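Counting in my numbering, the final residue of the sequence shown is number 452, and the numbers go up one at a time with none missing. Where a beta carbon is used, it is the ideal one built from N, C-alpha and C, also for glycine. Since the structure is predicted, the reported quantities are computational estimates derived from the model, not experimental observations.
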Amino acid sequence: MYNALVPGFSEVLHQPSLPLSVLRFGAELVYQGLLVLPFVYYKPSFGWLHPLIFTVLWSLAQTYVGEPEALLAPVRVLFTPLHPELSHRGLVGFTEPAVAWTLVKAKGIQSLALVAYYAGFFSGLRPSVLRLPFHEPRQVPLRTILLVGGAFATFLIAVQLRGGIVEHFISLGQGRQRAIGGLGHIGVLIRLGVIASVVWYAFDPKAGTNPLYWGTLAVSLVSMFLWSGSRSDVIFPLAFLLILWALRHKTIPWGRGAIVGTTALVLFGGLGALRASTMTGEPAWEIVTDLQISRSLEFADEQLERRQQNPGGGYTAIVGRVPKDVDLLYGRTYVGALLFFIPRALWTEKPRGTGSYVNKYLYGTTGPVELGDSPPEVGGIPSGPVGAAYWNFYIPGVVLFFALYGIFHRWLARLYETNENALGAVIFLYLLVGVGVSPNALVSIFQDIVLLLAVLLFFGALRFPKITRN
């Protein structure tokens, strides 16, 4: 109701003459109604971490951590309009009625994706699940420290080869694709320390009271952020610890959740401001070292204002201009995702994520635009999972991909029911949060699952099956 009513109230109060306001409000109500259906038919047997429920909660959490000022929208809307005008950087030359119709169409396609997802989940298809052989892990703290130490050493060597930590971090101001686009394998090795730290928490109920654990986690998170500049690389693992606690105790830790949420808000703004400061040529380390909370929230507010000027982000631009002005990608970005393990140094023409194509071909361009064969050498503008499926395979692709996504979530729920232990919890968590419809999600989950399995084998929680010979 929050997401549905606030935009409509804004236009009724401040901008009643904007085109298609009633239709856009109705489309938003339909989408939000479909989104909350699992809560309407909620059963205690579901639990808050059931894929149907958690997917919505996780999406909302990401939204409000990324846009903390959105929580104040019901108050701000009394004084200022939510969107000053109907315009979009990816729809240059579009009239206000054309932008309005694009927003209606975009919301309709999102609603169709949700219907396909529910159809897949409740289709009755029941892929078989495995009972994973869980072995009690050995020397978890020591082995975690070894992995984190190895990841930290990799980080130090890599940044030293790039001129030092400061020079490397400044280079991120040009965009991650330009700075470390061909060094994905280094990032994977550094992420190994983060995953090992999360697994330690999953296997050791007393890890949360161990100062050594928090020191190890801090080293891994700082290394990961300084390498990639990605705030989610810091915030998501903290959320994972909260989810693992909930799975272990079978209850939602509302108090701990509030603490983690508040911390995430400050981190999102602070780390974002720190990353943005690299564009000046000198990182503003004092944002973090002096804990400048006000500056962190100011940065988050600035980001919110920029996003309000481009409602729907890259996804809206895709719906408005594909395939009329720009041709379909025909699976190009998914091929790049599935072949992520091939280094870009060996395959220079390997496609990039959908966001890079949004930035190059949709933002700042007008009229028909021809897709080039070479991958865009620019930063990405998020397209969202629906946008990625739509640009690659149009509406049939959206329906097919989200139906498969629903089937996968049905299988995932049964997987955890069959393996309700620490091993099942950590695998369930990474699959639940990591698997998605967008190409970027596929790359991340492939990498994370390979690393997770490697950590589990190293800890002894999983073992290679013994081969017997007759």
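Buried or exposed by the 16-neighbour rule on C-beta atoms within 10 Å, applied to residue i
i: Thr336; result: buried
i: Arg6; result: buried
i: His231; result: exposed
i: Arg173; result: buried
i: Arg120; result: exposed
i: Arg445; result: exposed
i: Ile409; result: buried
i: Leu124; result: exposed
i: Ile269; result: Here Ile269 scores only 46 on pLDDT, less than 50, and its place in the model should not be relied on; the value that follows carries that caveat. So Ile269 ends up on the buried side.
i: Val201; result: buried
i: Phe104; result: exposed
i: His70; result: buried
i: Thr191; result: exposed
i: Pro357; result: buried
i: His391; result: buried
i: Leu424; result: buried
i: Phe441; result: buried
i: Thr198; result: buried
i: Gln429; result: buried
i: Trp329; result: exposed
i: Ser338; result: buried
i: Thr298; result: buried
i: Ser93; result: buried
i: His117; result: exposed
i: Lys306; result: exposed
i: Phe36; result: buried
i: Gly366; result: buried
Endpoints, alpha helix (DSSP H) assigned at residue i
i: Ile127; result: Val122 to Leu143
i: Thr336; result: Thr336 to Tyr343
i: His70; result: Unbroken run through His70: none, as it is neither H nor E.
i: Lys232; result: Counting along the chain, Lys232 falls outside any alpha helix (DSSP H), and DSSP gives it neither H nor E.
i: Asp430; result: Pro421 to Phe441
i: Glu149; result: Ile147 to Ser153
i: His167; result: Gly166 to Phe185
i: Phe375; result: Gly366 to Thr400
i: Ser202; result: Pro193 to Ser210
i: Thr330; result: Careful: Thr330 lies outside any alpha helix (DSSP H) and carries neither H nor E.
i: Ile300; result: Gly295 to Arg303
i: Glu118; result: Premise fails: Glu118 is in no alpha helix (DSSP H) and is neither H nor E.
i: Ala9; result: Ser3 to Leu17
i: Leu85; result: Glu78 to Phe103
i: Gly406; result: Ala404 to Gly416
i: Leu320; result: Arg314 to Leu320
Distance between residue j and residue i (C-alpha atoms, nearest Å)
i: Gly166; j: Ala140; result: 12 Å
i: Leu411; j: Thr315; result: 26 Å
i: Leu220; j: Pro1; result: 43 Å
i: Arg108; j: Ala101; result: 13 Å
i: Thr347; j: Gly72; result: 7 Å
i: His32; j: Lys342; result: 38 Å
i: Val308; j: Phe375; result: 13 Å
i: Gly362; j: Arg213; result: 15 Å
i: Ser206; j: Val181; result: Looking at the sequence itself, residue 206 is Met, so the reference to Ser does not match. Near 17 Å, if we compare the C-alpha coordinates of Val181 and Met206.
i: Ile168; j: Thr136; result: 7 Å
i: Gly349; j: Glu10; result: 28 Å
i: Leu19; j: Tyr99; result: 12 Å
i: Thr126; j: Lys87; result: 49 Å
i: Thr84; j: Gly296; result: 12 Å
i: Ile324; j: Gly15; result: 42 Å
i: Ser153; j: Trp40; result: 31 Å
i: Val97; j: Leu405; result: 32 Å
i: Ala327; j: Tyr387; result: 32 Å
i: Leu434; j: Leu128; result: 15 Å
i: Ser278; j: Trp196; result: Caution is warranted here: a pLDDT of 47 is assigned to Ser278, below 50, making its placement in the model unreliable, and the coordinate value is therefore given only provisionally. Going from the Cα of Ser278 to the Cα of Trp196 covers about 23 Å.
i: Val216; j: Val176; result: 9 Å
i: Gly131; j: Ala370; result: 37 Å
i: Leu462; j: Ile389; result: Residue 462 cannot be examined here, being either before or after the span of the chain that is shown, -17 to 452.
i: Arg334; j: Val419; result: 15 Å
i: Val22; j: Gly8; result: 20 Å
i: Leu353; j: Val304; result: 12 Å
i: Leu17; j: Gln142; result: 47 Å
i: Thr77; j: Ile147; result: 47 Å
i: Gly294; j: Lys188; result: 43 Å
i: Val122; j: Leu224; result: 20 Å
i: Gly416; j: Ile427; result: 5 Å
i: Ala443; j: Val437; result: 9 Å
Identity of the residues DSSP links to residue i by a beta bridge
i: Gly351; result: Before going further, note that residue 351 is Val rather than Gly in the sequence given. DSSP, once it has assigned bridges, lists Val308 as partnering Val351.
Distance cut-off 7 Å: residue i Cβ against heavy atoms of the ligand ZN
i: Gln121; result: Ligands displayed in this structure: none; no statement on the ligand ZN is therefore possible.
Within-8 Å CB hit, residue i to chain B
i: Pro350; result: Note that chain B does not occur in the displayed structure, where there is just one protein chain.
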